[in-house]
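Q: For the sequence shown, full-length UniProt numbering assigns the number 1 to the initial residue and increments by one for each residue that follows.
Glycine included, every Cβ here is placed at the ideal spot set by N, Cα and C.
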Amino acid sequence: MLKQGRSTGGITGRNNSSHPTRTDAAHDHAVSISSLSTVAKVDPRLASLYPFTLNMYSTPPKDELSLYEFETYALDRLRVLRAIETAHLRFKHIGDVAAVKYIDPVLTSHLDLKRNTLLNTVGPSVLYEQRRKDHISHFILRMAYCRTEDLRQWFIKQEMALFKYRFGIEQQVDRDAFIHLSNLDFTAVSFEDMCKLRMETSAGHITKQEAVQKLVMDLRATYTGPHNASMQAQLADIDTIRSLTFYRVSFEQVCELVGKRSVLLIQGMAYVPEHERSVLVVNAFKDQLTAHLIAAAKALPRLDEDDRLVPILNSLAKQYLSNEYTPSGKVSKDVGHEDIDGLAVHFPPCMQSLHSSLKQTSHLKHQGRLQLGLFLKGIGLSLGEALIFWRKSFHRMSDDEFSKKGYLYNVRYNYGQEGKRTNYTPYSCVKIITGAQPGAGDAHGCPFRHFSQESLGTMMQRLKVDGANAQEVLQTAKNGHYQIACTKLFELTRGHVHAAVSAVQNRNKKKDGNDEAELVGAMNSMGLIEPIEHPNQWFDLSIASIGRTKDADTKGKMEHSLTGNAMNIER
């Protein structure tokens, strides 16, 4: 059974002023009754617990479920949140057609929620089970992600985006009913009310007509810029202006709208137009979830949960950092030390940087040897071949010096033949990004994280990526989205082979019964690949695209093109 103490209650709209107002409570109440009547008649349980696809998650679930359900529900929701995160980074707006096309297959596969309009089509039991899973999975991840500030912030950000996405596609009647039943009845203010306020707060006496003119001028001066185009159209006609409804809240509640000049400010209060009401609801969701996560973190040590849940929760908490990736460890033949230079065209930028530095200086410092050595191990370089590769790469020193300085021992250690005899795996992108920072003379690290913008720009030029494409990669890296920048670079430099890559991914996943094949298919249709999470993932995708090409002439052209784009990177 899931147990979690009830934390703070739902957030309600606040009336922070004594100025004249009107509310739509009666109207909203009528809408609520109309929206829920059909659901209540068919299934009272559905109407009382899950009347909408939207949920504020104010009340913890009391269901009993198996460990299998516990883990499956959590992983399904985590897949959705990771897809939401990727869509947010890839596309300008999560509501864009491309973003919807990216997100919908994941939601359908892992966390599908049918609307109330489909009640008679799919049946109440389907709606109930879908919404029950959504409810429970949220609270499972809440337990896993309440532990640290970083985990909480990541979880809040993705849950907010998911909630906003669902709110945007829900029917207006159900949105209105949800707002009312969630005690989010924000104070509605008419245009006439705002005119009266203008008259009361003016320095001198003004007539109603003067107040109307001044308010219209203020509104038109506020809503400027292309992002306010829809509001500008409404403000062009005085009759339309008189019919507008605004919601009065403290400006601190809508800082993002204030920054975009999408609200009118009067005496410290923000007047939010009807079409921006979703911002108020999403922010209320954020405030409530933030409070609940803090309360859950305080209660977590006292929870008397089954010990079997602890490793599951710990594992879930780690998975927001990176998907697991197992390198294929093989190409078309066994990798020998003499193959490395030829295969370097398939290396990701971080490994090309290390390989280039090794070729130029015949030396790499410890962290660089670890990063490159484990990567080469992942592509299929055996211990014996690795010993030859590193010995030849350090050709400026004698055999005796190579051994005495521990280089021989280090190579054997990486392969589990010395020390603790641990079979070490290649570093993931997250480990490289968050690991030891490169200093003077170091060549390790992530170019998108550790290179200067100037060095990244030079790298773009060498890869023949320029103009808007180069700027997009540079800006993505500058914004801290290093793996997305790397993914964009892969797509730009290997666009001519991407179709083969995605087709292979999709075919293999369907063959293995992997239910994420739909996502790969959707990304393939948009010319995208799954986000790069691991250097060996880049290598395997690049190798697969060449290796799966049957036409010899086309294959040769691909290899020639990639070779032409090989980097000689300098920091």
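Drop a sphere of 10 angstroms on the beta-carbon of Cys255, count the other beta-carbons inside from all chains shown, and report buried for 16 or more, exposed for fewer.
A: Answer is exposed; the Cβ neighbour count stays below 16.
Q: I need the boundaries of the alpha helix (DSSP H) containing Val272, first residue and last residue.
A: Where Val272 is concerned, there is no enclosing alpha helix (DSSP H), although the beta strand (DSSP E) it sits in stretches over 269–273.
Q: Could you tell me whether the segment 61–74 touches the segment 183–199, using the rule of 3 or more Cβ pairs below 8 Å?
A: As far as the Cβ criterion goes, the segment 61–74 does not touch the segment 183–199, which means the pair count is below three.
Q: Would you tell me roughly how many angstroms separate the C-alpha atoms of Thr21 and Val122, rounded to the nearest one?
A: Note that Thr21 has pLDDT 41, beneath the 50 cutoff, so the model's placement of it is unreliable and no number is given.
Q: Suppose you measure from the CA of Pro348 to the CA of Ile388; what does that come to, to the nearest Å?
A: Between Pro348 and Ile388, the C-alpha separation is close to 23 Å.
Q: What alpha helix (DSSP H) runs, 4 residues minimum, are completely inside the segment 183–264?
A: Those alpha helix (DSSP H) runs which fall completely within the segment 183–264 and span 4+ residues are 191–201, 208–222, 229–234, 238–242, 255–259.
Q: Which word fits Arg369, buried or exposed, when buried means at least 16 other C-beta atoms lie within 10 angstroms of its C-beta?
A: By the 10 Å Cβ count, Arg369 comes out buried.
Q: Counting contacts by CB-CB distance shorter than 9 Å, is Lys101 in contact with chain B?
A: Here chain B cannot be found, since the structure has a single protein chain.
Q: In whole angstroms, give me the CA-to-CA distance for Tyr409 and Arg421.
A: Roughly 12 Å separates the two Cα atoms.
Q: When we look at the beta-carbon of Glu200 and count the other beta-carbons within 10 Å, is it buried (16 or more) or exposed?
A: Looking at its Cβ environment, which holds fewer than 16 other Cβ atoms inside 10 Å, Glu200 is exposed.
Q: Enumerate in chain order the residues of its own chain whose CB-to-CB distance from Ala211 is below 6 Å, with the five nearest sequence positions on each side excluded.
A: Cys195, Arg198, Met199, listed in sequence order.
Q: For the putative contact between Leu264 and Thr222, defined by C-beta atoms under 8 Å, what is the C-beta separation to the nearest angstrom?
A: About 5 Å separates the two Cβ atoms, so the contact holds.
Q: In the structure shown, what three-state DSSP assignment does Ile94 receive?
A: The answer is coil: DSSP assigns Ile94 none of H, G, I, E or B.
Q: Can you say whether Pro301 is buried or exposed, counting buried as having 16 or more other CB atoms within 10 angstroms of its CB?
A: Result: exposed.
Q: With a threshold of 8 Å on Cβ separation, who are the neighbours of His275 within its own chain once the five nearest residues in sequence on each side are excluded?
A: Same-chain partners within the cutoff: Ser230, Met231.
Q: Using three-state DSSP, classify Ile156 as helix, strand or coil.
A: In this structure, Ile156 counts as helix in the three-state DSSP scheme.
Q: Roughly how many whole angstroms lie between the Cα atoms of Arg494 and Ser542?
A: C-alpha separation (whole angstroms): 8 Å.
Q: On the premise that Phe163 lies in contact with Phe285, defined as a C-beta separation below 8 Å, what is that separation, rounded to the nearest angstrom?
A: Their Cβ separation, rounded to whole angstroms, is 5 Å, which keeps Phe285 and Phe163 in contact under 8 Å.
Q: Taking only three categories from DSSP, how would you classify Val335?
A: Strand at Val335.
Q: Could you give the distance in angstroms between the alpha-carbon of Ile136 and the alpha-carbon of Pro61?
A: Each residue's Cα considered, the two are about 6 Å apart.
Q: Evaluate Ile84 with the Cβ neighbour count: other Cβ atoms within 10 Å of its Cβ, from every protein chain shown; 16 or more gives buried, anything less gives exposed.
A: With 16 or more Cβ atoms within 10 Å of its Cβ, Ile84 is classed as buried.
Q: According to DSSP, what are the bridge partners of Leu381?
A: According to DSSP, which records beta bridges pairwise, Leu381 is partnered with Val335.
Q: Buried or exposed: where does Val501 fall if 16 or more other Cβ atoms within 10 Å of its Cβ makes it buried?
A: In this predicted model, Val501 has a pLDDT of only 48, less than 50, meaning its place in the structure is not dependable enough to derive any value.
Q: Of the residues Phe155, Leu309, Val345, which one's Cα is nearest the Cα of Glu69?
A: Closest by alpha carbon: Leu309.
Q: When you compare only the Cα positions, how much space is there between Ala99 and Arg77?
A: Their backbone Cα atoms lie some 18 Å apart in a straight line.
Q: Quick check: the Cα distance between Leu46 and Pro273, rounded to an integer number of angstroms?
A: Distance between the alpha carbons of Leu46 and Pro273: 33 Å.
Q: Does Ile179 come out as helix, strand or coil in the three-state DSSP assignment?
A: Correct three-state label for Ile179: helix.
Q: Is the CB-CB distance between Trp390 and Tyr407 below 9 Å?
A: Against a cut-off of 9 Å, the Cβ pair of Tyr407 and Trp390 comes out as a contact.
Q: Ignoring anything shorter than 4 residues, give me the alpha helix (DSSP H) runs that lie fully in the UniProt domain "DNA primase large subunit C-terminal" (346–502), in order along the chain.
A: With a minimum length of 4 residues, the continuous alpha helix (DSSP H) runs that stay inside the UniProt domain "DNA primase large subunit C-terminal" (346–502) are 349–361, 366–378, 383–393, 399–404, 407–414, 429–434, 447–450, 453–462, 467–478, 482–493.
Q: Could you tell me which of Leu219, Ala317, Val106 sits nearest to Glu237, measuring between CA atoms?
A: Inspection of the sequence shows that residue 237 is occupied by Asp rather than by Glu. Checking every option, the nearest Cα to that of Asp237 belongs to Leu219.
Q: By a C-beta neighbour count over all protein chains shown, 10 Å radius and 16 as the cutoff for buried, is Gln267 buried or exposed?
A: Counting Cβ neighbours within 10 Å, Gln267 comes out exposed, since fewer than 16 surround it.
Q: Give me the DSSP bridge partner(s) of Ile266.
A: Paired residue(s): Met269.
Q: I need the straight-line Cα distance from Leu313 to Leu141, nearest angstrom please.
A: Taking the straight line joining both Cα atoms gives about 8 Å.
Q: Compare the C-alpha of Tyr165 against each of Val97, Asn183, His227 and name the closest.
A: Among Val97, Asn183, His227, the Cα nearest to that of Tyr165 belongs to Val97.
Q: Given 8 Å as the limit, is there contact between the segment 481–490 and the segment 429–448, that is, 3 or more CB pairs closer than that?
A: They touch, by the three-pair rule.
Q: Report yes if the CB atom of Phe178 is closer than 9 Å to the CB atom of Pro44, and no otherwise.
A: Taking 9 Å as the Cβ cut-off, Phe178 and Pro44 do not qualify as a contacting pair.
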